[in-house]
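Down below is the structure, laid out as structure tokens.
Structure, rendered in structure tokens:
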């Protein structure tokens, strides 16, 4: 039904465009000067056709279900039912009217389902009537304005400008959406678990929260030793540290080599080849770490008499480091290339060798940019999910031994939220609290890194 | 004194050489990782494109199938194939006892009676006759035939018994085992049985998600980029939008998954596990990438184009829509494709919105539950069966193939259609 109405409105839009343009030609034929190109007359009419339809459609979509629900439940609301029972009744009658109901059909449900159906059909037909009359009215108004040859290009362009502006708000809306989706659950979580316990507790064992019988009242003391996030935070930074130990030397040195030493030919091939590493999906790295690197390290450790877990932090961190190499190498390559040639020439003129120039002149000059690129790499390492989920442990150990297994923020979020979630459960909320801390940490890193890089760019441009 | 100087100079030159070597070895290491990586994936994955078949003589005995004389098409559909299927497997070893007959049955895939049924449906004249039928070997025997299975393990640690191996070796010696191209890997949906599992369902899930992502992210991102680059006044608010976009580009993908879960599923009640929700989540993630690419290519259009259009009396909107935007399209499109390639490889947000569900049907629309290729990799990688290891690698090969094609496409668009202004 909605689809038919929608197609009809689109067709109406096209027809009004056609009529608007035709009107412009008739005005032209009377030797009057047009205020805009003929197609703008058409656009003007089409926009006036689309806007009211769009507004009514969206309002309807927002308010129709609530109003229908109110009308149905108003019959029963003063008969002593609880709110939950009424909601259940509404959902049941809705399911029944769609033919998806499988439970026992009581006369009450049947009656309300019938009412639901009749209300829906009334709503549908009144929607059609209202939308069509609104379109007719607004198009008639617009047509009158066209006929009097008033301005059309300006309103059309203003409308387009508004559309463009709305689109640019999408980025803000996404950020707002992220914050909102995280903040409410996080606040609910901290109502049950004190912030102090979360930030300074050293035991992370969310599975305990599952054992609870849902009919029991929430007992906060029960969780006092369940949601201590210190092992998670420590594991996250530890794995990120290992990753950076791999990524910084290799990434930085290859960036320096590409920028300063490599011939154009080597550069032309080596650079895109290294960047392939950045394009490989992280789940593939995870598989590689879990299937190849983990067992390899374990075997190597056993042959040297060391106890190595198959899910060691070293395997996950090392593979993550490989993933981050291209980020650091290409960013530092860019940064080093943008150091002005005059600095190099000055250094060479003083008799410095190439490596001395790089170490003493170029590196200090490029340092802010390089630090920025490393910070971006760290933020990526902290937010990386699949490698950790697949290759590192899922139990949160507080350890600094790279051969043991640890867990990270991202891995815990996935562990908690995989499968079915119950909103309102402290365990689910814990995942959102972890997400919030992840978001905040990476946000700070990103802001600092972007600012440093930007400052640096301004210095030499 | 002079000697000292020379020594010093030599030392400096050596340091120079060492530094150069460090750089070279760093690049070498990075490329080595890439090579090991690709080699490992290909060496474990290529065998999944082959599938092992056992050629077993099957007697289509009308009595055992409970068929009357001159059965109709429906009778053939409803007939009982289990008994003849079982019998044909048991006939491989006439001396088999009951346990061994069971083991024989497990040498072929779980749905072997269906394969026999299809054979008869294709040729109803087979009733009462004996024909050699191709049956899918069980995934363990498949691995044995490909040489991936350690045969020297003690029997109780293997999933293949000595007896099964003995019969299998006899079949191999008689030329009754054949390896053919594994079509079902591309046409089957996911399955709990490794020998039947395919990527069709996750492939369709990926396609639908990417399409939804494209349909949302591309228009919004291009419009936003046009506004920010061509119309936005320089003020605090547009600065704020810009900071927002740059930050969003660096937010970890899993946070977008939480957004999808907390807003799309919990508040808007969109259907769980569907490519629709996955696509919307991915589109929010790719939005900043496309906006940044589109802005860069709008910026690259020289001002003279705009000035010429304005001088001819075009309005600013006309200048933008008729001249600047079309000229910037190649760059925007290649940025979009690269963004979509990123989205195609993304796993974590999709797991959070429930696209990890086991789906054994091929989704027909974005509203059906589905997995996606990277999630399929994750699901298979987590399952213990040996047969899935090569499937994971093969699935990775398919995914990497798509990513390479998309990136090449982006390159081609950029190089072929982008105007060089000089």
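Residue numbers (our numbering), protein chains in the order written: chain F, 50 to 510; chain P, 368 to 789.
Even glycine gets a Cβ: it sits at the ideal position worked out from N, Cα and C.
C-beta neighbour in chain B for residue i, strict 8 Å
{"i": "residue 602 of chain P", "result": "This model lacks chain B altogether; the protein chains it does include are F and P."}
8 Å contact criterion, which residue i and residue j should meet: CB distance rounded
{"i": "residue 328 of chain F", "j": "residue 382 of chain F", "result": "Between residue 382 of chain F and residue 328 of chain F the Cβ distance is about 17 Å, and since that is not below 8 Å, they are no contact."}
{"i": "residue 250 of chain F", "j": "residue 283 of chain F", "result": "Not really, about 12 Å apart at Cβ, beyond 8 Å."}
{"i": "residue 90 of chain F", "j": "residue 69 of chain F", "result": "4 Å"}
{"i": "residue 504 of chain P", "j": "residue 592 of chain P", "result": "Going by Cβ atoms, the distance from residue 504 of chain P to residue 592 of chain P rounds to 54 Å, so no, they are not a contact pair."}
{"i": "residue 336 of chain F", "j": "residue 748 of chain P", "result": "5 Å"}
{"i": "residue 486 of chain F", "j": "residue 362 of chain F", "result": "Incorrect: roughly 20 Å between the Cβ atoms, too far for contact."}
{"i": "residue 408 of chain P", "j": "residue 640 of chain P", "result": "Not quite, the Cβ-Cβ distance comes to about 28 Å (not below 8 Å), so this is no contact."}
{"i": "residue 535 of chain P", "j": "residue 416 of chain P", "result": "Wrong, their Cβ atoms sit about 21 Å apart, outside the cutoff."}
{"i": "residue 751 of chain P", "j": "residue 435 of chain F", "result": "The pair is not a contact, with the Cβ atoms about 19 Å apart (cut-off 8 Å)."}
{"i": "residue 375 of chain F", "j": "residue 323 of chain F", "result": "5 Å"}
{"i": "residue 653 of chain P", "j": "residue 709 of chain P", "result": "7 Å"}
{"i": "residue 642 of chain P", "j": "residue 579 of chain P", "result": "6 Å"}
{"i": "residue 697 of chain P", "j": "residue 785 of chain P", "result": "4 Å"}
{"i": "residue 730 of chain P", "j": "residue 571 of chain P", "result": "5 Å"}
{"i": "residue 627 of chain P", "j": "residue 644 of chain P", "result": "6 Å"}
{"i": "residue 164 of chain F", "j": "residue 150 of chain F", "result": "Actually they do not touch by this definition, with Cβ atoms about 15 Å apart."}
{"i": "residue 543 of chain P", "j": "residue 422 of chain P", "result": "4 Å"}
{"i": "residue 138 of chain F", "j": "residue 154 of chain F", "result": "Not quite, the Cβ-Cβ distance comes to about 12 Å (not below 8 Å), so this is no contact."}
Short CB-CB distance (under 8 Å) between residue i and chain F
{"i": "residue 373 of chain P", "result": "no"}
{"i": "residue 585 of chain P", "result": "no"}
{"i": "residue 739 of chain P", "result": "no"}
{"i": "residue 664 of chain P", "result": "no"}
{"i": "residue 516 of chain P", "result": "no"}
{"i": "residue 655 of chain P", "result": "yes"}
Residue of the options minimising C-alpha distance to residue i
{"i": "residue 616 of chain P", "options": "F/476, F/429 and F/175", "result": "F/429"}
{"i": "residue 683 of chain P", "options": "F/64, F/143, F/205 and F/99", "result": "F/205"}
{"i": "residue 758 of chain P", "options": "P/722, P/510 and P/670", "result": "P/510"}
{"i": "residue 92 of chain F", "options": "F/415, F/116, F/200 and F/293", "result": "F/200"}
{"i": "residue 461 of chain F", "options": "F/341, F/482 and F/448", "result": "F/482"}
{"i": "residue 275 of chain F", "options": "F/243, F/300 and F/466", "result": "F/243"}
{"i": "residue 581 of chain P", "options": "P/520, P/702, P/721 and P/453", "result": "P/702"}
{"i": "residue 394 of chain P", "options": "F/109, F/509 and F/318", "result": "F/318"}
{"i": "residue 252 of chain F", "options": "F/108, F/447 and F/203", "result": "F/447"}
{"i": "residue 237 of chain F", "options": "F/509, F/502, F/472 and F/504", "result": "F/472"}
{"i": "residue 438 of chain P", "options": "P/388, P/404, P/490 and P/473", "result": "P/490"}
Closer than 8 Å to chain P by CB, residue i
{"i": "residue 499 of chain F", "result": "yes"}
{"i": "residue 159 of chain F", "result": "no"}
{"i": "residue 264 of chain F", "result": "Residue placement at residue 264 of chain F is flagged as unreliable, the pLDDT there being 49, under the threshold of 50; a coordinate-derived value is accordingly withheld."}
{"i": "residue 447 of chain F", "result": "no"}
{"i": "residue 96 of chain F", "result": "no"}
{"i": "residue 210 of chain F", "result": "yes"}
{"i": "residue 140 of chain F", "result": "no"}
{"i": "residue 439 of chain F", "result": "yes"}
{"i": "residue 306 of chain F", "result": "yes"}
{"i": "residue 495 of chain F", "result": "yes"}
{"i": "residue 82 of chain F", "result": "no"}
Same chain only: Cβ atoms within 8 Å of residue i, ignoring 5 sequence neighbours per side
{"i": "residue 410 of chain F", "result": "392, 393, 395, 396 and 401"}
{"i": "residue 558 of chain P", "result": "564, 565 and 727"}
{"i": "residue 667 of chain P", "result": "695, 698 and 788"}
{"i": "residue 264 of chain F", "result": "For residue 264 of chain F, the pLDDT reaches just 49, beneath the cut-off of 50, and the residue's location in the model is therefore unreliable, although a value from the coordinates is still provided. There are no such residues."}
{"i": "residue 473 of chain P", "result": "505 and 531"}
{"i": "residue 506 of chain F", "result": "387 and 418"}
Same chain only: Cβ atoms within 6 Å of residue i, ignoring 5 sequence neighbours per side
{"i": "residue 310 of chain F", "result": "none"}
{"i": "residue 705 of chain P", "result": "777"}
{"i": "residue 452 of chain P", "result": "479, 480 and 483"}
{"i": "residue 347 of chain F", "result": "357 and 359"}
{"i": "residue 646 of chain P", "result": "576, 579 and 580"}
7 Å CB neighbourhood of residue i in its chain, flanking five on each side removed
{"i": "residue 94 of chain F", "result": "65, 66, 68, 69, 188, 191, 192 and 195"}
{"i": "residue 433 of chain P", "result": "446 and 447"}
{"i": "residue 343 of chain F", "result": "359, 360, 361, 364 and 440"}
{"i": "residue 471 of chain P", "result": "456, 457, 459, 460, 463 and 534"}
{"i": "residue 734 of chain P", "result": "638, 641 and 643"}
{"i": "residue 526 of chain P", "result": "507"}
*Say whether the region 416 to 426 of chain P touches the region 535 to 550 of chain P, bearing in mind that this needs 3 or more beta-carbon pairs closer than 8 Å, one atom from each stretch.*
yes
*asked:* Does the structure place the region 508 to 525 of chain P close enough to the region 394 to 402 of chain P that three or more beta carbon pairs sit under 8 Å?
replied: no
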